[in-house]
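Participant:
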Amino acid sequence: MAIAIDFGTSNTVITRWNPVTQQAETLNLPGLSAQQFLNPPLIPSLVYVENASAETIIAGQQVCDRGLDIKTDQRFFRNFKRGIGADIQGFLPELDGKNITFEQVGKWFLSQVIAELAILEGKIDSLVLTAPVDSFEAYRYWLGKVCQSLPVEQIRMLDEPTAAALGYGLADQGTLLVVDFGGGTLDLSLVSLDQGKQAKTKPLGFLLKWGDKTLGEDSKQKTKTARVLAKAGQNLGGTDIDNWIVDYFAKTQGLPVSSLTARLAERVKIQLSTCDKASEVYFNDQTFESYEMDLDLYTFENILKENGFFDKLHDSMMTLLQQGRRYGIEIDDINAVLLVGGTVQLPVVQTWIEQYFEPEKIRRQLPFEAIAHGALQITQGIEIKDYLYHSYGVRYWDRRNQSHSWHPIIKTGQPYPMIQPVELVLGASVDNQPSIELIIGELGAETGTTEIYFDGDRLITRQLDTRVTTVKPLNDSVNASKIAKLKPPGFPGSDRIKIYFQVDEQRFLRVTVEDLLTNNTLVENQLVAQLS
Numbered sequence: 002m003a004i005a006i007d008f009g010t011s012n013t014v015i016t017r018w019n020p021v022t023q024q025a026e027t028l029n030l031p032g033l034s035a036q037q038f039l040n041p042p043l044i045p046s047l048v049y050v051e052n053a054s055a056e057t058i059i060a061g062q063q064v065c066d067r068g069l070d071i072k073t074d075q076r077f078f079r080n081f082k083r084g085i086g087a088d089i090q091g092f093l094p095e096l097d098g099k100n101i102t103f104e105q106v107g108k109w110f111l112s113q114v115i116a117e118l119a120i121l122e123g124k125i126d127s128l129v130l131t132a133p134v135d136s137f138e139a140y141r142y143w144l145g146k147v148c149q150s151l152p153v154e155q156i157r158m159l160d161e162p163t164a165a166a167l168g169y170g171l172a173d174q175g176t177l178l179v180v181d182f183g184g185g186t187l188d189l190s191l192v193s194l195d196q197g198k199q200a201k202t203k204p205l206g207f208l209l210k211w212g213d214k215t216l217g218e219d220s221k222q223k224t225k226t227a228r229v230l231a232k233a234g235q236n237l238g239g240t241d242i243d244n245w246i247v248d249y250f251a252k253t254q255g256l257p258v259s260s261l262t263a264r265l266a267e268r269v270k271i272q273l274s275t276c277d278k279a280s281e282v283y284f285n286d287q288t289f290e291s292y293e294m295d296l297d298l299y300t301f302e303n304i305l306k307e308n309g310f311f312d313k314l315h316d317s318m319m320t321l322l323q324q325g326r327r328y329g330i331e332i333d334d335i336n337a338v339l340l341v342g343g344t345v346q347l348p349v350v351q352t353w354i355e356q357y358f359e360p361e362k363i364r365r366q367l368p369f370e371a372i373a374h375g376a377l378q379i380t381q382g383i384e385i386k387d388y389l390y391h392s393y394g395v396r397y398w399d400r401r402n403q404s405h406s407w408h409p410i411i412k413t414g415q416p417y418p419m420i421q422p423v424e425l426v427l428g429a430s431v432d433n434q435p436s437i438e439l440i441i442g443e444l445g446a447e448t449g450t451t452e453i454y455f456d457g458d459r460l461i462t463r464q465l466d467t468r469v470t471t472v473k474p475l476n477d478s479v480n481a482s483k484i485a486k487l488k489p490p491g492f493p494g495s496d497r498i499k500i501y502f503q504v505d506e507q508r509f510l511r512v513t514v515e516d517l518l519t520n521n522t523l524v525e526n527q528l529v530a531q532l533s
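Be aware that the sequence shown starts at 2, since it is given in our numbering, and climbs by one per residue.
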């Protein structure tokens, strides 16, 4: 049985491959899934911790059914995916003597989903997980590790834009734009799906693999190669819109900012996906006052404008199109636009997209299922080539700016395992230097920095204007950063060591260090950082 999981900020989708119909189908997990309007079965990404020390939780739709999401309670968690792998300003509570992290909450949620899935479906032979295209290795490693202990023969991981392209069944359409706009992020990605040697552009897609089998080795189908050509995005999603709606009613009617008003705001937003007006009623059980949360499209658009929503969308689209031009791709060369995520259902978002593309190019029929359905395609003879999605560099002291900076050593798009190592020559920086220390970092795109912090019980992301390279240090500790001892000690003024960097088939970064003074090999094929 082949299963795919699309773990989302607001909702999670589970699909399986039906060997009879040869198609993907979305699963309804009793107690976890919710049937909303005409949407497929979705699992709300919600957790309520009953007992942290015993790891007893309530997940999914059960949280809503029991009314555990309508009051402010430190045991209730939503939007926790946004915090996984991020540096959070604020704190999470200690529950039942256990320190809580977003990673722990996410693990509890996915573990319960998978446990219920095993009861319903029985033995799982192949599991495919999806990850945001710009996620760092820390998130992808966490996601894979959650499922690695499962008795599953193959666990694979695929980036969400590539999965969406496969899910819409447009493998022969050339260049595609995937607009993935969910609860937590906006991701715009140019994706190309080509047959064999037709690929002419440098591929950037990635895939993590576990298990013993090679992907597609038993398939008799002609394999396809999926590639992400360019990307742009922001920490902007439906959760931010919900918060803005709450803030609007707090300002105009004095409504409190709480989990209940956030849930009502989300309902208002969903109604505006299909109606010109929306209304919900808030009842204060302490003062016995009720408030009409009425909102029309005109007022809704003004709320979005006041929060810079359309400016952020425009900036992301311009960034993506500029990247596309580096590959000779103009806007008219984009064959189809694929809409993914709940936020793309808003008329204001679809109108924004139609400013750039003809309506006949836009595919909008699978906003919730495309990613999970497409992820299953890699179990059916689709080959996804393995490339590093981020650059990796070493930290150095920039004397001109009197601050640390990063020198790239392995660039984005590097295939692995690497055939030829990358060489770097270093000298000592102080007299009698006893060892060589090297901090390795994962380098993100040069963008405005994102600040993540708590506002009460709300997790907020905010884009800052400063243009910096986002970096995630991989071995920033005293013991991990010391890669070689120098005997005799080193002195400034001459090259002392040569380092060979290599990424193996498991995405492990390894180094070999040669002492240029003594001609000795100080370190051979040593693991420095785990990239997966």
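The beta-carbon is built from N, C-alpha and C at its ideal position, and this holds for glycine as well.
Quick check: the Cα distance between residue 329 and residue 177, rounded to an integer number of angstroms?
Facilitator: Their backbone Cα atoms lie some 14 Å apart in a straight line.
Participant: Tell me which residues share the same chain as residue 412 and place their Cβ nearer than 6 Å to its Cβ, disregarding the 5 neighbours each side in the sequence.
Facilitator: Cβ neighbours of residue 412 beyond the five flanking positions: 392.
Participant: Comparing alpha-carbon positions, which option in 233, 147, 170, 144 lies nearest residue 181?
Facilitator: It is 233 whose Cα lies nearest to the Cα of residue 181.
Participant: Grouping DSSP H, G and I as helix and E and B as strand, with all else coil, what is residue 220?
Facilitator: With a pLDDT of only 32 at residue 220, under the threshold of 50, the placement of this residue in the model should not be trusted, and no figure is reported.
Participant: What's the gap between the Cα of residue 251 and the Cα of residue 82?
Facilitator: Their Cα atoms are separated by approximately 26 Å.
Participant: May I ask which residues mark the beginning and end of the alpha helix (DSSP H) holding residue 298?
Facilitator: Segment 298-307, the alpha helix (DSSP H) holding residue 298.
Participant: Please report the residue range of the beta strand (DSSP E) in which residue 486 lies.
Facilitator: 483-491 is the extent of the beta strand (DSSP E) around residue 486.
Participant: Under DSSP, the beta strand (DSSP E) around residue 508 begins and ends at which residues?
Facilitator: It is not in any beta strand (DSSP E) - residue 508 carries neither H nor E in the DSSP assignment.
Participant: Run through the DSSP bridge pairs and tell me what residue 58 is partnered with.
Facilitator: In the DSSP output, where bridge partners are listed per residue, residue 58 has 50.
Participant: Any idea what DSSP makes of residue 524, helix, strand or coil?
Facilitator: Residue 524: strand per DSSP, three-state reduction.
Participant: Pop quiz: residue 64 and residue 45 are said to be a contact at Cβ under 8 Å. What is the actual Cβ separation, rounded to whole angstroms?
Facilitator: Contact flag correct, Cβ pair sits at about 7 Å.
Participant: Between which two residues does the alpha helix (DSSP H) holding residue 357 run?
Facilitator: It is not in any alpha helix (DSSP H) - residue 357 carries neither H nor E in the DSSP assignment.
Participant: In the DSSP assignment, what are the bridge partners of residue 474?
Facilitator: 442.
Participant: Quick one: is the Cβ of residue 263 within less than 7 Å of any heavy atom of the ligand ADP?
Facilitator: Among the ligands in the structure shown, none appear at all, so the ligand ADP cannot be discussed.
Participant: Hey, residue 343 and residue 184 are a contact pair by Cβ (cut 8 Å); roughly how many whole angstroms apart?
Facilitator: Rounded, the Cβ-Cβ distance is 7 Å, consistent with contact.
Participant: Would you grab the beta carbon distance between residue 70 and residue 280 for me? Rounded to a whole angstrom, and I think it's under 8 Å.
Facilitator: Going by Cβ atoms, the distance from residue 70 to residue 280 rounds to 20 Å, so no, they are not a contact pair.
Participant: Comparing alpha-carbon positions, which option in 509, 351, 97 lies nearest residue 365?
Facilitator: Among 509, 351, 97, the Cα nearest to that of residue 365 belongs to 351.
Participant: Considering only the alpha carbon of each residue, which of 437, 471, 333, 528 lies closest to residue 487?
Facilitator: Nearest of 437, 471, 333, 528 to residue 487, Cα basis: 437.
Participant: Closest to residue 525 by CA distance: which of 508, 507, 503 is it?
Facilitator: Residue 503 is the option with its Cα nearest to residue 525.
Participant: Less than 7 Å between C-beta atoms, sequence neighbours within five positions excluded: which residues of the same chain meet that for residue 51?
Facilitator: So the qualifying residues of the chain are 57, 58, 59.
Participant: DSSP three-state call for residue 343: helix, strand or coil?
Facilitator: Three-state DSSP puts residue 343 in a helix.
Participant: So who's on the other strand from residue 394, going by DSSP bridges?
Facilitator: Answer is 409, 442, bridged to residue 394.
Participant: Taking DSSP's pairing of strands, which residues face residue 371 in a bridge?
Facilitator: Paired residue(s): none; residue 371 is not in a bridge.
Participant: If you follow the beta strand (DSSP E) that residue 417 is in, where does it begin and where does it stop?
Facilitator: Here residue 417 belongs to no beta strand (DSSP E), and DSSP marks it neither H nor E.
Participant: Pick out whichever of 428, 433, 359, 318 has its Cα sitting closest to the Cα of residue 495.
Facilitator: If we check each option's Cα against that of residue 495, 428 comes out closest.
Participant: Can you tell me whether residue 241 is buried or exposed? The criterion is at least 16 other CB atoms within 10 Å of its CB, across all chains shown.
Facilitator: By the neighbour-count rule (16 or more Cβ atoms within 10 Å), residue 241 is buried.
Participant: Below 7 Å CB to CB, which residues in the same chain sit around residue 272 once its five sequence neighbours on both sides are set aside?
Facilitator: These residues qualify, in order along the chain: 279.
Participant: Does the separation of the CB atoms of residue 164 and residue 35 fall below 8 Å?
Facilitator: No. Outside cutoff.
Participant: So residue 262 is in the alpha helix (DSSP H); what residue range does that whole segment cover?
Facilitator: Residues 260-272.
Participant: Which residues does DSSP pair with residue 14 in a beta bridge?
Facilitator: In the DSSP output, where bridge partners are listed per residue, residue 14 has 7.
Participant: In three-state terms, what does DSSP make of residue 98?
Facilitator: Residue state, collapsed to three classes: coil.
Participant: Between the alpha carbons of residue 47 and residue 101, how many angstroms are there, rounded?
Facilitator: If I take the Cα positions, the gap works out to 15 Å.
Participant: For residue 317, does the count of other Cβ atoms within 10 angstroms reach 16, so buried, or fall short, so exposed?
Facilitator: Residue 317 should be labelled buried.
Participant: Among 29, 147, 493, 373, which one has its Cα closest to the Cα of residue 117?
Facilitator: The residue with the shortest Cα to Cα distance from residue 117 is 29.
Participant: Please name the residue in 87, 86, 103 whose C-alpha comes closest to that of residue 94.
Facilitator: Among 87, 86, 103, the Cα nearest to that of residue 94 is on 103.
Participant: Identify whether residue 317 lies in helix, strand or coil by the three-state DSSP scheme.
Facilitator: Residue 317 falls in the helix class under three-state DSSP.
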